[in-house]
Structure formats: structure tokens, C-alpha cells
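Q:
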Amino acid sequence: MTDKIKTILNAQIQEELYSANLYLALAGRLEAWNLKGMANWMHIQEQEERNHALGFFYFLLNRGEEPVLSAIAQPDLSAATDASAVFALSLNHEQHISACIHAIYEAAKEEKDYALESFIRWYIDEQVEEEANATEIKEKLKLIGGTGPSLYMLDQELGARAYVAFIPGKTVA
Ligand SMILES: [Fe+2]
Ligand SMILES: [Fe+2]
């Protein structure tokens, strides 16, 4: 594995762990607003992000490299002023992560790292889903006005989301 690939993969572990912390912080804010269903959705998101980080962690190890963890920045919640803004922030963040994942794919091609080129495809597909999910909730909130009984109903709906354990590249999570 080249140094360039090592650096970009360790940086992505950091990005995914930041994502986990961001979603945990958003879960806290939503819970504070009594939107417990949305908080549940964010907690599941948090766990998935941690698994995304572990995917890169084990990929490095499987390739004979020790993962290097570095400091995680404090989540920036300044834009998260109401439920709609929370999901707009999530969407913006996922768009940023998609750009990171695409850069990894580009690097894999440049460095002719075929194993990484194959591994990263799962993340490319996952990002399509991540952006679609955040967009759907953001649009639903726009549709219902984001307050009162309709907000309560959407909160109930998001409370039904269940966590499924899965680490990319690992058969058993
Ligand atoms: Fe992720
Ligand atoms: Fe994500």
C-alpha cells in the first residue's frame, strides 16, 4: 500500500468517527427537544458511521497496515436550529462524505490499488443511500411544515428505525 493511500484511509477513519460524533450530538439535541423518534434515527446513524470507520480500520489491518487514529473535532451544531435544519445539516454533511469517498476511489485508480478500488465501491453505493435518506426526511419536513401534530407523526415514524449490525468488508459484524 502506498503512503498516499495509507494517509487517505486513515483520514477517512477520522471523517467517519466525526460523522458518528456529529450524529450523536444531533441525537442529543433532538432528544432535548423531545423528538425521541428522530433521536433514535440519529443514534442508528451514529452506530452505522462507527461501523464505516471500522470498515477502513480492518481494511488497513488486512493489508498489513496499522490504523492511526487522530483527534476528532467538536461537532458543529450551529446550523441545527430546528428539526428541518438538523436534516439539512445531515444532508450537507453526507454530501461532504460522498466527495471524500469519491476522492478515495480516484486515489485507488491513480495508485493502481485494485483491492481498494473494489472495497470502496460499497461506500460509493452507501453514500447514494445516505444522501437519499437525508433528502427524503428533509423534504418530508418541508411538506408537513415541520411543526405540530405532523412533526409528531414523523417523529413516531423515525422512531421505528432499527439498527442492523454490519461492518463493510467483514462477514460477521
Ligand atoms: Fe459513513
Ligand atoms: Fe453517513
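Numbering (the numbering used here), first residue to last: 282 to 454. Cβ atoms here follow ideal geometry from the backbone N, Cα and C, with glycine treated the same way.
Cβ-heavy atom distance between I401 and ligand 2 below 7 Å?
A: The residue labelled residue 401 in the question sits at position 120 within the sequence shown. I401: no, Cβ never under 7 Å from ligand 2.
Q: Among A352, F337, I353 and H374, which residue has its Cα nearest to the Cα of E346?
A: By one-based count along the sequence shown, residue 346 stands at place 65. That would be F337, whose Cα lies nearest to the Cα of E346.
Q: Which whole-angstrom value describes the C-beta separation of L422 and S365, a residue pair presumed to lie in contact below a C-beta threshold of 8 Å?
A: Reading the sequence shown from its first residue, position 141 is the one you call residue 422. Reading the sequence shown from its first residue, position 84 is the one you call residue 365. That belief holds up - the Cβ atoms of L422 and S365 are roughly 4 Å apart, short of 8 Å.
Q: Which word fits Q326, buried or exposed, when buried means at least 16 other C-beta atoms lie within 10 angstroms of its C-beta?
A: In the sequence shown, counting from the first residue as 1, residue 326 sits at position 45. It is buried - the Cβ of Q326 has at least 16 other Cβ atoms within 10 Å.
Q: Using only Cβ atoms and a threshold of 6 Å, which residues come within that distance of a heavy atom of ligand 1? Order them by chain position.
A: E297, S300, E330, H333 and I378
Q: From what residue to what residue does the alpha helix (DSSP H) around D394 run?
A: By 1-based counting over the sequence shown, the position of residue 394 is 113. Run containing D394: none; DSSP gives neither H nor E here.
Q: Tell me which same chain residues have a C-beta within less than 8 Å of the C-beta of Y339, skipping the five on either side of it?
A: Numbered from 1 along the sequence shown, position 58 holds the residue referred to as residue 339. Excluding residues within five positions, the ones whose Cβ falls inside 8 Å are I448, G450 and K451.
Q: Would you say Q408 and I378 are within 8 Å of each other, going by their C-beta atoms?
A: In the sequence shown, counting from the first residue as 1, residue 408 sits at position 127. In the sequence shown, counting from the first residue as 1, residue 378 sits at position 97. Yes, the pair counts as a contact, with Cβ atoms nearer than the cut-off.
Q: Does the segment 292 to 310 come into contact with the segment 347 to 361, if we say contact requires no fewer than three beta-carbon pairs (one atom in each stretch) closer than 8 Å?
A: Proximity of the segment 292 to 310 to the segment 347 to 361 meets the contact definition, three or more beta-carbon pairs being nearer than 8 Å.
Q: K287: which of V367, L341 and A443 sits nearest, CA to CA?
A: Counted from its first residue, the sequence shown places residue 287 at position 6. Among V367, L341 and A443, the Cα nearest to that of K287 belongs to L341.
Q: Taking 8 Å as the cut-off, decide whether the C-beta atoms of A301 and R331 are in contact.
A: Position 20 of the sequence shown, counted from the start, is the residue given in the question as residue 301. Position 50 of the sequence shown, counted from the start, is the residue given in the question as residue 331. Against a cut-off of 8 Å, the Cβ pair of R331 and A301 comes out as a contact.
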